[in-house]
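**Student:**
Residue numbers (my numbering): -15 to 217.
#1: Alpha carbons only, please: which of 73, 128, 101 is nearest the one belonging to residue 109?
#2: Using the rule of at least 16 other Cβ atoms within 10 Å of the residue's Cβ for burial, across every protein chain shown, is residue 87 buried or exposed?
#3: Per DSSP, residue 104 forms a beta bridge with which residues?
#4: Beta strand (DSSP E) containing residue 156: first to last residue?
#5: Compare the beta carbon distance of residue 130 and residue 55 with 8 Å and say whether it is the shorter of the two.
#6: Would you tell me roughly how many angstroms separate the C-alpha atoms of residue 5 and residue -2, rounded to the nearest one?
#7: Please state if the CB of residue 157 and the CB of residue 95 are separated by a distance shorter than 8 Å.
#8: Quick one, are the C-beta atoms of residue 143 and residue 89 less than 8 Å apart?
#9: So, is residue 176 buried or exposed, given that buried needs 16 or more other C-beta atoms within 10 angstroms?
#10: Are three or more beta carbon pairs between the segment 155 to 171 and the segment 184 to 200 nearer than 8 Å?
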C-alpha cells in the first residue's frame, strides 16, 4: 500500500504554521491572531483572506496535519463539532444555518488541488450546486465519513471533500487543477475571479474579510453557548 509522502511534521515554509502563520494577513493589512473568531486546542476559526463571499471562513488545525484524512477519530469528531458551530453562527448572522464545506485533501505535496499542505476546511454560507459542478467535470462522489477520507489518504490518493445540503461526499482529487474547488464555487459567474492570488489584498476583499469578522463576532456574542464541549478559549 502506498503511504502519503508528507506526514504531520511541520514544514518551516508552511504558511499556516508558526512563524509564518498570519503572514498573508499582515501583507494585506488584515488582523491575524486578533482576527481569530474562536479556537480550541486543535483548531482555530478565521475569515479567509481572499473570501469568495461574505461569511467565507477557514477552520485550521493548530498543529501540522496534511488533511482531515490524517486526523485521529477524536479529532475528526471535534472538527464536526466546529462544523456544527459554524452552522449556528451562520444562522445567527444570516438567518440560515445552511453551509457549504470544502476541503482539498492532499495525499502528496499540493495534491488534490491544494495550495497549502496544511489541513483546513472552507465554509461558505448557504451555497449549493458545487457538487454538481465537480461531478460534471468527471469527479463522481461517494458518501464521505472519516473512514473514507482516511482510507484514501493512507493509500496515497488525494481527495475532494464536499458537504452540501447536509450531505458529505468524497471525490477523487488526483490531478485536479490547483484551487479547483474555488473555481467550482465561482463557476456560476464565468467572469468572476476565483484564484485567491487575484483578489488577495484588494479593497473589496479586505472589506469582505472585515464584514465577515464583525458578523461572526456579533453572532457569537449573544448567548456564549455555541462553544464546542472541549473548547479551550
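All C-beta atoms, glycine included, are put in the ideal place defined by N, C-alpha and C.
Bear in mind the structure is a predicted one, so any value in this text is a computation, not a measurement.
**Tutor:** In short, the structure shows the following:
#1: For the residues 73, 128, 101, the minimum Cα distance to residue 109 belongs to 73.
#2: Label assigned to residue 87: buried.
#3: Answer by DSSP bridge pairing, in chain order: 44.
#4: That run of the beta strand (DSSP E) goes 151 to 156.
#5: Closer than 8 Å, so yes.
#6: The alpha-carbon atoms of residue 5 and residue -2 are separated by roughly 8 Å.
#7: Closer than 8 Å, so yes.
#8: For residue 143 and residue 89, yes; Cβs fall inside 8 Å.
#9: Residue 176 comes out exposed.
#10: Not touching, per the Cβ criterion.
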